[in-house]
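Residue numbers (this note's numbering): 1043 to 1331. We treat Cβ as the ideally placed atom computed from N, Cα and C, and that holds for glycine. Below: one structure, written as structure tokens.
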Ligand SMILES: [Zn+2]
């Protein structure tokens, strides 16, 4: 059963031109560290969206740049002012893995986050468990890498990430699963959405539909004994079926998978992900398998 979805919410986009004209000198500071002269040609645009925080960077003494994968606007970077102060009005809502409703006032380069309300506290369940935490780190890093362009909607990647974090924090509808298994399913599906679906039916090289019992990350999936490049790993029929279940998000089919198969397959998936993501995934090294 494919269950990684969530109900949509209405998102308003407000462009208040009258307000922008009326208060040209009262616009938000969109050039942190720079001068604050108002630019009268800009429009003061505000938008609301929901998103998952992917990462944060320090900015100046008290601010952070927050990278968020949003539902409507894709990957967005915006400044959260005063967020590093003890009594910040944002509290801990702008930490990685947080799913939030946010309001952003657009600036010339970076927007300013003016509101952030928690939707789900994935972080609570993820921060207290090392294997879940490292899996969540690998997820947000993957989403950050796969969604390269900022401000371009990436709806499928958004729902995949939300669903994966939810399954990681609260289990699947079919019960809990190891963090590494949820991560592996997420990696395969996020890569597939990005155009790197693993070939699991027949040989990825000669395309013959019959026996392909080896896995080659660089070939793009299963390969047959004649085509297999050096370094290909043998994959049992059980492991092949398991890979298919992970790609499909079929948790029911993963319930009785032996640990040995899960661990072997997890190594192949990590190699596959690293092969397709230039430079590899930093956080994959820390995942508990
Ligand atoms: Zn072949």
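Item, Value
"Heavy atom of ligand 1 within 7 Å of residue 1253 beta-carbon", "no"
"N-terminal and C-terminal residue of the beta strand (DSSP E) that residue 1148 is part of", "Segment: none, residue 1148 is in no beta strand (DSSP E) and carries neither H nor E."
"Span separating the alpha-carbon of residue 1324 from that of residue 1311", "15 Å"
"Euclidean distance between Cα positions of residue 1223 and residue 1234", "17 Å"
"Three CB pairs or more closer than 8 Å across the stretch 1153-1160 and the stretch 1121-1137", "yes"
"Reference residue 1265; option with closest CA among 1254, 1259 and 1110", "1254"
"Cβ-heavy atom distance, residue 1247 to ligand 1, below 7 Å", "yes"
"Selected residue, minimal CA-CA separation from residue 1303, among 1319, 1281, 1318 and 1295", "1281"
"Delimiting residues of the alpha helix (DSSP H) encompassing residue 1308", "1301-1318"
"Proximal residues to residue 1226 (C-beta, below 6 Å), its chain only, five neighbours per side dropped", "1288, 1308 and 1311"
"First and last residue of the uninterrupted beta strand (DSSP E) at residue 1161", "1153-1162"
"Selected residue, minimal CA-CA separation from residue 1262, among 1306, 1278 and 1237", "1237"
"Beta carbon of residue 1221 nearer than 8 Å to that of residue 1210", "yes"
"Limits of the unbroken beta strand (DSSP E) element including residue 1116", "1116-1122"
"Anticipated Cβ contact below 8 Å, residue 1111 with residue 1093, distance rounded", "6 Å"
"Range covered by the alpha helix (DSSP H) that runs through residue 1233", "1221-1235"
"Residues of its chain near residue 1183, where Cβ-Cβ distance is below 7 Å and the 5 sequence neighbours each way are ignored", "1323, 1324 and 1325"
"DSSP state of residue 1087 mapped onto helix, strand, coil", "strand"
"Nearest to residue 1215 (by Cα), restricted to the options 1201, 1301 and 1297", "1297"
"Residue 1252 in three-state terms, based on DSSP", "coil"
"Neighbour-count burial assignment, residue 1272, 16 or more Cβ in a 10 Å radius", "exposed"
"Residues near residue 1043 by beta carbon distance below 6 Å, same chain, minus five either side", "The pLDDT assigned to residue 1043 is 42, lower than 50, so where the model puts this residue is not dependable, and the model offers no usable value."
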